[in-house]
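Below you'll find the structure, written out as structure tokens, and then a few comments.
There are 2 protein chains.
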Amino acid sequence: MSELNRQIVLNEIPSGRLASEHFRLVESPRPTPDDGQVLLRGLYVSLDAANRAWMQGATYRSALRGGDVMAGGALAEVVESRAAGLKPGDLVFADTGWQEYSVLPGRGLTVAPRIEPLTNLLSVYGVTGLTAYFGLLDCGRPKAGETVVVSAAAGAVGSIVGQIARLKGARVVGVAGGEAKCALLTRELGYDAAVDYKAGDTRRALRAACPDGIDVYFDNVGGDVLEACLFNMKLHGRIACCGAVSQYDGAPPPHGPRGVPGLIVTKRLTLTGFVVMDFYDRKDAALSELREWVKSGELKVREDVIDGLENLPSALIGLLAGENIGKRMVKVA
Amino acid sequence: MSELNRQIVLNEIPSGRLASEHFRLVESPRPTPDDGQVLLRGLYVSLDAANRAWMQGATYRSALRGGDVMAGGALAEVVESRAAGLKPGDLVFADTGWQEYSVLPGRGLTVAPRIEPLTNLLSVYGVTGLTAYFGLLDCGRPKAGETVVVSAAAGAVGSIVGQIARLKGARVVGVAGGEAKCALLTRELGYDAAVDYKAGDTRRALRAACPDGIDVYFDNVGGDVLEACLFNMKLHGRIACCGAVSQYDGAPPPHGPRGVPGLIVTKRLTLTGFVVMDFYDRKDAALSELREWVKSGELKVREDVIDGLENLPSALIGLLAGENIGKRMVKVA
């Protein structure tokens, strides 16, 4: 085991778009755990649009500051334990940050099963899968026969949302950027239709794809696509507000979408924001349903694994530009 | 009974602010009912911000067009009936439009009790009171001890919302325009605090009035006040979207409030749009609770009655400018 720890530090909070110069790779001494702590070695770091949102200010976690090791969740292995209930070799999902080694309190860490492939612990059986599951079913509440639209539909969460909606009997329309992603949605992931938001008038394209209107919209992006959906919602439609990736990479936008609150009133819409942790008391039931769907082949898991800690910055920058299909992560050991 | 019918016609759909030249008073022959219809004489016409929204496009009713008799609900008396179940002298609340006499199908009209004062049928026991009741209790769902904010707090709906919230044990903060209205809220209607949105930084004033944040916001206005509330909402807060009066008198606004959907996600907010008709199956229970509060003196009813059909245009223009306190209506007979 190396005595050194490679870390990616956030140099400064970007004022415009995130770029590689906002990060630097540093080497520091490997930390050692105190009583109650564990030394973790990162295996796979999860890349999430929220990583960028953390730079904009306090969200559901405190804001990042320049000079911090970049924050992020990872699947990690216990190397040394001074905490009860954890032993070397145990797998945990933890807020390690972008580094090889980290020291964290053992309290609050839960041992994950050593499944095959391990990467599924970050995708369908991790925050990603649970976000899709609870956001769609608890906030969107689709009924069989209803029309569900999801944005960032080929992304980590979106690709699972659309498939769960289909499994629950809904008609599913995905919004994604570019022909290749749209083709993937309908040909491989079972979407009924796809709308390419880069191809022009999204509001009109959604009207064509959802002639009777949208019952449920799972919003990963905010901005123009949210606005286009608001204008196409049906009476009593529901919007699950999961994220706003279109708005993270730069200064916070000066305005929100048109139609707020006018269309919310006249169409009697419900918008529900959620953060997956709020549902963790029902995690086990969700994981068991997800597992059945994966085993039966009804739910396809798409992952995008990049190798090497040094590639974390470009992996996040690329994710914000929409280059990934499915769950993006970086293998760091 | 006059053979003539005085009517207020909407000359054209205003592109900017509504003004008296958008209306004209005309005289036409008094209409006569066919089989199944009744001839109604209007008593009190209800003035509502929604009247202006109907000019912007289809809402929960079809859009108005230039040349139409201006639409509006009124308390009216049956003069002649060719419909089963209705007889001369019966009182009804009906979509008569701005005119002395109207002919409507009897089906769908419900006879109202001849209470004293009759005007309460348009305020606390009408659409106004029921909107406040269901919007607050079903969409806002305040719990005792929570902080409830209501905008247009001295208006027809707002003045009732704040009082119901107080009766349910909440701490109540009203947002209104000007010192006089704010004083009325705290001195006469039992609000715990008032914020004058004309006095400057509403977001900061709300933070001072609600140091622990807002649990429930009853939104009558949209726009800047909605934005200021979004930034002050507590985790898991609820916003009842009732209307957007700040946005009706002119072209629809080019943008929505900032913080949508970002703050909805990170604060796990729920926004629920509603239209009171959706709750009419539970109307009787609501009216009975409202009646008890009024009789016991716990709920004060504020009304603003203007005399004369010819004053309808200026009454609506003034309402949009926020000049009324409580429920505004025009006595037409």
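Residue numbers (the working numbering), protein chains in the order written: chain A, 1 to 333; chain B, 1001 to 1333. Built from N, CA and C at the ideal position, the CB exists for glycine as well.
Item	Value
Alpha carbon to alpha carbon, how far is Ala156/A from Gln1056/B? Give it in angstroms, no decimals.	40 Å
If you measure from the beta carbon of Thr59/A to each beta carbon in chain B, is any gap under 8 Å?	yes
Please name the residue in Arg1171/B, Ala1170/B and Asp1224/B whose C-alpha comes closest to that of Asp1196/B.	Asp1224/B
Does the distance from the C-beta atom of Ala165/A to that of Leu136/A stay below 8 Å?	yes
Can you check whether the C-beta of His255/A is within less than 8 Å of a C-beta belonging to chain B?	yes
Distance check for Leu1130/B and Tyr1280/B, CA to CA, integer angstroms please.	9 Å
Apart from the five residues just before and just after Gly1158/B, which ones in its own chain have a Cβ nearer than 6 Å to its Cβ?	Val1150, Ala1152 and Asn1220
Answer with yes or no whether the minimum CB distance from Pro394/A to chain B is below 8 Å.	This structure cannot settle anything about residue 394/A, because the visible part of chain A is limited to 1 through 333.
Could you tell me if Gly256/A is buried or exposed, where buried requires 16 or more neighbouring beta carbons within 10 angstroms of its beta carbon?	buried
Given 8 Å as the limit, is there contact between the stretch 1175-1183 of chain B and the stretch 1193-1209 of chain B, that is, 3 or more CB pairs closer than that?	yes
Shortest alpha-carbon distance to Glu1021/B belongs to which of Gly1067/B, Pro1033/B and Asp1034/B?	Gly1067/B
For the alpha helix (DSSP H) holding Tyr133/A, just list the boundary residues, first then last.	Val127 to Phe134
Could you tell me the alpha carbon to alpha carbon distance between Ser326/A and Ala154/A, rounded to whole angstroms?	For clarity, residue 326/A is Gly in the given sequence; the question names Ser instead. Distance between the alpha carbons of Gly326/A and Ala154/A: 6 Å.
Tell me which residues share the same chain as Gly140/A and place their Cβ nearer than 6 Å to its Cβ, disregarding the 5 neighbours each side in the sequence.	Val216, Phe218, Arg238 and Ala240
Can you pull the chain A residues whose beta carbon is under 8 Å from the beta carbon of Ala1244/B, in chain order?	Pro261, Gly262 and Val265
Taking a cut of 7 Å between CB atoms, which residues from the stretch 219-245 of chain A lie near chain B?	Asp219, Gly222, Leu226, Cys241, Cys242, Gly243 and Ala244
Just to confirm, are Glu1227/B and Gly1259/B a CB contact at a threshold of 8 Å?	yes
What are the boundary residues of the beta strand (DSSP E) that Phe218/A is part of?	Ile214 to Asp219
Would DSSP call Asn1324/B helix, strand or coil?	coil
Mind the definition here: the stretch 1045-1052 of chain B touches the stretch 1300-1318 of chain B only if three or more C-beta pairs lie below 8 Å; say whether that holds.	yes
Give the DSSP bridge partners of Arg41/A, in chain order.	Glu77/A and Tyr101/A
What residues from chain A crowd round Thr1128/B, counting only those whose CB sits closer than 8 Å?	The contacting residues do not exist; Thr1128/B stays about 16 Å from chain A at best.
May I have a chain-ordered list of the beta strand (DSSP E) segments no shorter than 3 residues that lie completely inside the stretch 1212-1297 of chain B?	1214-1219, 1233-1241 and 1270-1273
What is the DSSP secondary structure of Lys1331/B, counted as helix, strand or coil?	strand
Can you list, in chain order, the residues of its chain whose CB lies under 7 Å from that of Arg1041/B, leaving out five sequence neighbours each side?	Ala1076, Glu1077, Val1079, Glu1100, Tyr1101 and Ala1333
Are the beta-carbon atoms belonging to Gly97/A and Ala63/A less than 8 Å from one another?	no
Between which two residues does the beta strand (DSSP E) containing Asn1005/B stretch?	Leu1004 to Leu1010
If you check the beta carbons only, do Met329/A and Tyr44/A fall under 8 Å apart?	yes
Between which two residues does the alpha helix (DSSP H) containing Arg204/A stretch?	Thr202 to Ala209
Leu1263/B: which of Cys242/A, Thr266/A and Gly262/A sits nearest, CA to CA?	Cys242/A
Take Asp90/A as the anchor and find which of Gly108/A, Pro113/A, Arg82/A and Leu104/A has the nearest alpha-carbon.	Pro113/A
Taking any Cβ of chain B, which residues in the stretch 266-282 of chain A have a Cβ under 9 Å from it, in chain order?	Thr266, Lys267, Arg268, Leu269, Thr270, Leu271, Thr272, Gly273, Phe274, Val275 and Asp278
Return the CA-CA distance between Val305/A and Leu312/A, expressed in angstroms with no decimal places.	11 Å
Return the chain-ordered list of same chain residues with a C-beta closer than 7 Å to the C-beta of Val1047/B, the five sequence neighbours on each side being excluded.	It is worth fixing the name first, because residue 1047/B is Leu in this sequence and not Val. Here the set comprises Ala1315, Leu1316, Leu1319, Arg1328, Met1329 and Val1330.
Which residues mark the beginning and the end of the beta strand (DSSP E) in which Val1171/B is found?	For the sequence presented, residue 1171/B should be read as Arg rather than Val. Run containing Arg1171/B: Arg1171 to Ala1176, per the beta strand (DSSP E) assignment.
Does the Cβ of Leu4/A lie closer than 7 Å to at least one heavy atom of the ligand NAD?	This structure does not include the ligand NAD; it has no bound ligands of any sort.
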